[in-house]
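Worksheet for the structure shown next.
Quick look at the structure:
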């Protein structure tokens, strides 16, 4: 056993089911172990390394910033934070950005923003109310969604197995089935301050929400003066072939959250609010020590420039269509029962519960895969993946599933 693995077992809390491999270097679509053996990475750090490992433009930007200014507290201004916020705003909702350190923190901010919005619009905050209690506080989320592991975002994550050990949870959350317009309509009333959802449910097994469901959510949010929040922590930043997944449906949220690949693997999260909601949170209401630091923001600028370069997103769609066509052949051969997703965010369901076994076989074959359940394998390759790499992974799957 590697000494590094032994150290983890002795000194690191056992909160992850780690695979028995130590990686020491990354380049493009490959990770390398202690012996220098290359592994083809089709998880991209769970959609964090969207530009591949150690992308040169990201490394240059981070190194340059490291030599100038690493951190100062948020009582002052720094150049990279304002530049990255403008790039995100101009490319999306046109409002303002709050920077955090992770997707969970970005979603935590969105939840607080929604509660504060409800506090204001119910009359509790600005004008006062007879009861003195904010009644517009409920938040609707979807079954099998995933929004993080803080207490608020865990409550928003409607997965009982993840919630059970940590009850009681935050009050005021209602869960409805994905793509069930009737259930959503029945759940939303004037006491709802937000509808929060992922355009494609990632940890839930890569389940895209239907356009008509997203449209219904938009209509209900507008009717009941609630915020529509899209969690694009995994789906955003080119993963689905668009810069943001909401572009596929044309349904625009009021608030959007980003993280994962935004800084090319450095820790960052962003909550983006449309202009009408950009000033709901005022000084002293929300903060984070490291959020919007110069180094991750400098890296984020490099990421945004790469993603918006001519032809980049079109190449993601092309490669996603190519991979999907190969996976559909596995379905026609009876090796998988369903193929779904968008762009390079794809999944297959297996006829038998052996996804974990396939992931283990893949690692032995120097391919890194991920399963979200015993029947679902998820594919999140770097967006710079080549067609030959896609063919190699699908060929492995065909062999492994034919046994």
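In our numbering, the protein residues as written are 701 to 1103. Think of the CB as a built atom: it goes at the ideal place given N, C-alpha and C, for glycine as much as any other residue.
The alpha helix (DSSP H) runs of length 4 or more contained entirely in the region 959 to 1011 are, from start to end of the chain, 994 to 1007. In the DSSP assignment, residue 851 falls within the alpha helix (DSSP H) that extends over 851 to 856. The Cβ neighbour count for residue 765, taken over all protein chains shown within 10 Å, is at least 16; the residue is labelled buried. Residue 882 and residue 1026 have their C-alpha atoms spaced approximately 36 Å apart. Here DSSP, grouped into helix, strand and coil, assigns residue 718 to coil.
A straight-line Cα-Cα distance of about 49 Å links residue 916 and residue 767.
For residue 1074, the number of other beta carbons within 10 angstroms of its own is below 16, and it is reported as exposed.
Excluding the 5 residues flanking it on each side, residue 1037 has same chain C-beta neighbours closer than 6 Å at 1049, 1051, in chain order. Under the rule that a run must span 4 or more residues, the alpha helix (DSSP H) segments found entirely inside the region 882 to 964 read 911 to 923, 946 to 949. Here DSSP, grouped into helix, strand and coil, assigns residue 713 to coil. Residue environment analysis places residue 771 among the exposed positions, since fewer than 16 neighbouring C-beta atoms fall within 10 angstroms of its C-beta. For residue 814, the closest C-alpha among the options 838, 999, 1009 is that of 838. Short of 6 Å from the beta carbon of residue 752, and not among the five residues preceding or following it, lie these beta carbons of its own chain, in chain order: 728, 729, 1082, 1084. Straight across, the Cα-Cα distance linking residue 877 with residue 756 is about 42 Å. For residue 841 against residue 856, the beta-carbon gap comes to about 5 Å, under 8 Å, which counts as contact. Note that the C-beta distance between residue 781 and residue 992 is below 8 Å. Counting only residues of its own chain and dropping the five nearest sequence neighbours on each side, residue 949 has a CB closer than 6 Å to the CB of 911, 914. As the crow flies, the alpha-carbon of residue 957 is around 23 Å from that of residue 762.
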